[in-house]
C-alpha cells in the first residue's frame with residue numbers, strides 16, 4: 001500500500017537516513033551511560049549512579065521513539081551494533097575511566113547528539129516534516145539540558 005502522508009518518498013528516505021544517525025547516537029549514548037552506571041566508583045558514586053540510571057532510562061525510551069518515527073516514514077531503522085557503529089559520531093569507551101572522565105564523555109556525547117538533532121531538524125524542515133521536527137526538537141532540548149547538568153558537575 002502506498003504511503004500518502006504529504007512527504008515525498010525521496011524526502012522520507014533522506015529524513016530516515018538522518019534519523020538513523022540520531023538513533024545510533026542515542027543508542028551509543030544509552031549503552032555508554034548504562035556501562036558508566038554499572039561501573040562508577042568514587043566519592044560521587046551514589047549521586048552519579050542514580051543520575052546515570054535516570055539518563056539511560058530516558059535514552060532507552062528516546063531510542064524507541066526515534067526508531068518508530070523512522071518506520072513511520074517507511075524507512076527501515078538500523079538495529080545492530082555494527083550499523084550503529086557506522087552511523088554514530090560518539091566514541092566507544094573500552095575501559096572504565098574515573099568518574100570525572102565518565103561525566104566528560106557523557107557531556108561530549110550529549111553535545112554530539114545535539115548537533116545530530118539539529119541536522120535532522122534542518123532536513124525535516126526543508127521537507128515540511130513537522131512531525132519529525134517536533135520529536136527531534138524535544139530530543140535536542142533533552143540533550144542540551146543533560147549536557148548542561150553533567151557539565152555543571154565538572155566546575
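In UniProt numbering, the protein residues as written are 1 to 155. Even glycine gets a Cβ: it sits at the ideal position worked out from N, Cα and C.
Check your understanding: By a C-beta neighbour count over all protein chains shown, 10 Å radius and 16 as the cutoff for buried, is residue 64 buried or exposed?
Key -> The sequence position of residue 64 within the chain shown is 64, counting from 1. The residue is exposed, with fewer than 16 neighbouring Cβ atoms inside 10 Å.
Point to revise | Identity of the residue in 132, 26 and 79 nearest residue 72 by Cα | key: Within the chain shown, numbered from 1, the residue matching residue 72 stands at position 72. Distance check between residue 72 and each of 132, 26 and 79 places 132 closest, using alpha-carbon atoms only.
Exercise for review: Output yes or no for whether 8 Å exceeds the beta carbon distance between residue 75 and residue 39.
Suggested key: For the purposes of this step, residue 75 is taken as the residue at position 75 of the chain shown. For the purposes of this step, residue 39 is taken as the residue at position 39 of the chain shown. Not closer than 8 Å, so no.
Exercise for review: Could you tell me if residue 25 is buried or exposed, where buried requires 16 or more neighbouring beta carbons within 10 angstroms of its beta carbon?
Suggested key: Residue numbering aside, residue 25 sits at position 25 when the chain shown is read from its first letter. Residue 25 should be labelled buried.
Practice item. Could you please give the first and the last residue of the uninterrupted alpha helix (DSSP H) stretch that includes residue 80? Key: Residue mapping note: residue 80 aligns to position 80 of the chain shown, counting from 1. Premise fails: residue 80 is in no alpha helix (DSSP H) and is neither H nor E.
Check your understanding: From residue 56 to residue 31, what does the alpha carbon distance come to, in whole angstroms?
Key -> In the chain shown, residue 56 corresponds to position 56, counting from 1. In the chain shown, residue 31 corresponds to position 31, counting from 1. Roughly 8 Å separates the two Cα atoms.
Practice item. Run the CB neighbour count on residue 116, radius 10 Å, all protein chains shown included, and call it buried at 16 or more, exposed below. Key: Sequence index remark: in the chain shown, residue 116 carries index 116 (1-based). Residue 116 should be labelled buried.
Check your understanding: Are there 16 or more other CB atoms within 10 angstroms of the CB of residue 109, so buried, or fewer, so exposed?
Key -> As a working mapping, residue 109 is identified with position 109 in the chain shown. The residue in question, residue 109, is buried, as its Cβ has 16 or more Cβ neighbours within 10 Å.
**Study point:** Under the three-state DSSP convention, the category residue 96 falls into
**Key:** Numbered from its first residue, the chain shown carries residue 96 at position 96. DSSP places residue 96 in coil when its eight states are reduced to three.
Check your understanding: Candidates 140, 112, 106 and 80: which alpha carbon is nearest residue 121's?
Key -> Looking up residue 121 in the chain shown gives position 121. Nearest C-alpha to residue 121: 140.
Exercise for review: Could you say which of 105, 19, 67 and 92 lies nearest to residue 147 if we only look at CA atoms?
Suggested key: Along the chain shown, read from residue 1 onward, the residue named residue 147 stands at position 147. Residue 105 is the option with its Cα nearest to residue 147.
Exercise for review: Report the three-state DSSP secondary structure of residue 73 (helix, strand or coil).
Suggested key: As a first step, residue 73 must be located in the chain shown, where it is residue number 73. Correct three-state label for residue 73: coil.
Review point. Just to confirm, are residue 112 and residue 135 a CB contact at a threshold of 8 Å?
Key: Position 112 of the chain shown holds residue 112. Position 135 of the chain shown holds residue 135. No, Cβ-Cβ distance for residue 112 and residue 135 is not below 8 Å.
Exercise for review: Consult DSSP for residue 128 and reduce its assignment to one of helix, strand or coil.
Suggested key: For the purposes of this step, residue 128 is identified with residue 128 of the chain shown, where counting begins at 1. Correct three-state label for residue 128: coil.
Check your understanding: Taking Cβ to Cβ, would you say residue 70 is nearer than 8 Å to residue 23?
Key -> Residue mapping note: residue 70 aligns to position 70 of the chain shown, counting from 1. Residue mapping note: residue 23 aligns to position 23 of the chain shown, counting from 1. The answer is yes: Cβ separation under 8 Å.
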